[in-house]
Amino acid sequence: HEVARLPTAFQPDGTLAVAEYTAGHEAGQLWVKNTMLDKTGKKIIDLDGKAKLADGNPPGRLLVSFGPVLPETPNYHVMHVDEDYQFAVVGVPDRNSCWILAREVPIAKDTLKTLQGIAKKAGFDVAKMEIAPWDKIPKAK
């Protein structure tokens, strides 16, 4: 689940995004499916893409595309994953896009602050992050 993000051109009207990753046919390949609601909360937006683990160091570098061709250099960097794989911070090299992800939402405010601190230390402007309103979703009874 996307907990927070810097605004992006390819998600201008989306909120409450969920990313699903499944293994591809080739070693190190992943299929990516991002599903989100539009800002009205009435229309589902899907973005399908692919990713591949980049060779070499440092680890956590991905080649990601939502078009037909993967880039030649890593364009997504997994900067942090907690030891239980519950939270991650992912960004791009130019520092214009960053996502804080969680397996379960909503997350505690102090956890969000810690993850934003990791992004800030890496050079991202966390003051511009949009926080997904997961806490506003009615709980199932």
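So for the sequence shown, this note's numbering puts the first residue at 45; every next one is plus one.
Glycine is no exception: its CB is placed at the ideal position from the N, C-alpha and C atoms.
Limits of the beta strand (DSSP E) - the one that residue i falls within
i: Asp-92; result: 88-97
i: Gln-130; result: No beta strand (DSSP E) holds Gln-130; DSSP gives it neither H nor E.
i: Arg-105; result: 105-109
i: Ala-63; result: 58-67
Residue j beta carbon less than 8 Å from that of residue i
i: Phe-131; j: Leu-159; result: yes
i: Arg-105; j: His-124; result: no
i: Glu-46; j: Ala-176; result: yes
Given residue i as reference, the closest of the options once Cα atoms are compared
i: Glu-148; options: Ser-141, Ile-162, Asp-128, Pro-112; result: Asp-128
i: Ser-109; options: Tyr-120, Gly-93, Leu-145; result: Gly-93
i: Asp-82; options: Ala-98, Gly-68, Ala-61, Asp-99; result: Ala-61
i: Asp-138; options: Ala-166, His-45, Gln-55; result: Ala-166
i: Ile-181; options: Val-133, Gly-85, Gly-111, Leu-145; result: Gly-85
i: Trp-178; options: Pro-56, Lys-153, Leu-114; result: Lys-153
Residue environment, residue i, which counts as buried when at least 16 other CB atoms sit within 10 Å
i: Glu-174; result: exposed
i: Ile-151; result: buried
i: Gly-58; result: buried
i: Pro-118; result: buried
Unbroken alpha helix (DSSP H) run spanning residue i, endpoints
i: Leu-50; result: Careful: Leu-50 lies outside any alpha helix (DSSP H) and carries neither H nor E.
i: Ile-162; result: 153-165
Residue i: CB within 7 Å of a non-hydrogen atom of the ligand GTP
i: Asp-57; result: No copy of the ligand GTP occurs in the structure displayed, which carries no ligand at all.
Interface flag, residue i vs chain D, CB-CB below 8 Å
i: Val-136; result: Any reference to chain D falls outside this structure, which holds one protein chain only.
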